[in-house]
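Numbered according to numbering that gives the first Met the number 0, the sequence shown spans residues 0 to 258. All residues carry an ideal CB built from backbone N, CA and C; glycine is no exception. In this text, all values refer to a predicted model and were calculated from it rather than measured experimentally.
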Amino acid sequence: MGNFIQFNVENGIAVLTLNRPDKLNSFNRDMALDMQSRLDECRENTEIRAVVITGSGRAFSAGQDLEEATDPQGPELSKIVCEHYNPIVKRIRALEKPVIALVNGVAAGAGANIALSCDIVLAAQSATFIQAFSKIGLIPDSGGTYFLPRLVGMQKASALMMLGDKITAKEAESMGMIYKVVPDDELESFGLKLSVHLAQMPTFGLALTKKALNKSFGNNLNQQLDLEDQLQTMAGKSDDYKEGTAAFLEKRKPIFKGK
Ligand code: T3D
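Structural data, given as structure tokens:
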């Protein structure tokens, strides 16, 4: 494994830091494969109950490394999409733990859309988002055409994707693209505090919530009600549900184990 993803696990939180700062954390093949392995580790390690993705230096990620993409010896476009980005996005959506993106700077192309595939997106005030693909003649990938219209509606998504405009974190927050903007110097501490809070919540229930949301836009109401019934039955059998209700009735703080 390369060193393009810094990986730290502490207090039940895994922090994945995209780490090619001199290239604005743009993804080359090694970095994409490293990220996939680290996400697998997050899935397998039961100590990890929440996952944070952020960038080192001044960017979150500038998307695909365009030097690699245009290198005749490099991987071809279809390989980049199928072997680099699709497996990352699928892993983030399938991970039965909350994934929080801390967007510390510019998030462009695949970098922006990987952030949008996370469960909760926080951005520093100075961060920006760019659907950069149209500017170089590509179509948005990494799940962008799936997530963005669901987040901001078809009209805004079309304009952002066709024009490739740079938008501020505040604009992204106002249009519902991200959860919250945080002052630059508070992003890390605020993000970690939120992640610790999530990791101490009933994470089994959060995983089932994610499952329900993953299906939400594809199902009709009846299908979604059936799914809620099925998942609620599972949640109701969890130790966390027993603990949550017992703690409420005993007027004490619950201790959840994610089981
Ligand atoms: O095959 C495929 O491509 C399929 C996959 C597609 C997925 C995609 O993500 S397509 C979209 C790819 N990304 C972009 O088009 C964004 C390109 N970058 C930019 O537009 C700008 O760099 C930013 C708006 C992100 C930031 O601008 P700025 O002015 O703050 O920084 P800069 O000076 O442009 O970049 C700093 C350095 O990073 C610079 O290197 P240097 O000159 O200091 O050695 C620049 O070349 C490098 N860099 C930035 N983005 C990329 C990159 N190097 C390689 N690939 C990049 N994407």
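Out of the options, point me to the one whose CA is closest to residue i's CA.
| i | options | result |
| --- | --- | --- |
| T208 | L224, V195, L193, N219 | L224 |
| P97 | G143, I47, S55 | I47 |
| K179 | A126, L137, K241, G110 | A126 |
| D39 | K252, P20, F128, V88 | V88 |
| L76 | F216, Q124, D140, A93 | D140 |
| D29 | G11, F3, G54, L17 | F3 |
| A49 | E227, M176, D118 | D118 |
| A123 | T232, F59, E249 | F59 |
| K256 | G110, E249, D183, F203 | F203 |
| L101 | L94, M160, L115 | L115 |
| M176 | E242, S36, I113 | I113 |
| V80 | N44, R37, F132 | F132 |
| N27 | Y84, G11, P148, E242 | Y84 |
| N10 | A234, L159, T244, L191 | L191 |
| A171 | I91, A158, A206, F128 | F128 |
What three-state label does DSSP hand residue i in the structure shown?
| i | result |
| --- | --- |
| K89 | helix |
| I177 | coil |
| N2 | coil |
| F255 | coil |
| L94 | coil |
| E40 | helix |
| E267 | In the structure as shown, the chain starts at 0 and stops at 258, and residue 267 therefore has no counterpart that could be examined. |
Suppose you measure from the CA of residue i to the CA of residue j; what does that come to, to the nearest Å?
| i | j | result |
| --- | --- | --- |
| V8 | V14 | 6 Å |
| A61 | G104 | 10 Å |
| Q63 | C41 | 23 Å |
| K155 | I254 | 42 Å |
| V181 | I138 | 30 Å |
| N18 | V195 | 23 Å |
| S215 | P71 | 41 Å |
| N213 | L150 | 13 Å |
| D228 | L121 | 31 Å |
| A168 | I52 | 17 Å |
| Q130 | G54 | 18 Å |
| K252 | L197 | 15 Å |
| D164 | F146 | 17 Å |
| L226 | E95 | 16 Å |
| S36 | L186 | 26 Å |
Could you pull the start and end residues of the beta strand (DSSP E) that residue i belongs to?
| i | result |
| --- | --- |
| L17 | 12–17 |
Along the chain, where does the alpha helix (DSSP H) containing residue i start, and where does it finish?
| i | result |
| --- | --- |
| F189 | 186–198 |
Taking 7 Å as the CB-CB cut-off, is residue i touching chain D?
| i | result |
| --- | --- |
| L32 | As a matter of chain content, chain D is missing from the structure shown, which is built from one protein chain. |
Contained beta strand (DSSP E) runs [length at least 3] in the region 42–67, N- to C-terminal order
49–54, 58–60
Restricting to runs no shorter than 4 residues, where is the alpha helix (DSSP H) found entirely within the region 211–249?
220–235, 238–248
Mind pulling the alpha helix (DSSP H) runs of 4 or more residues that sit fully within the region 99–175?
109–115, 143–151, 153–162, 168–173
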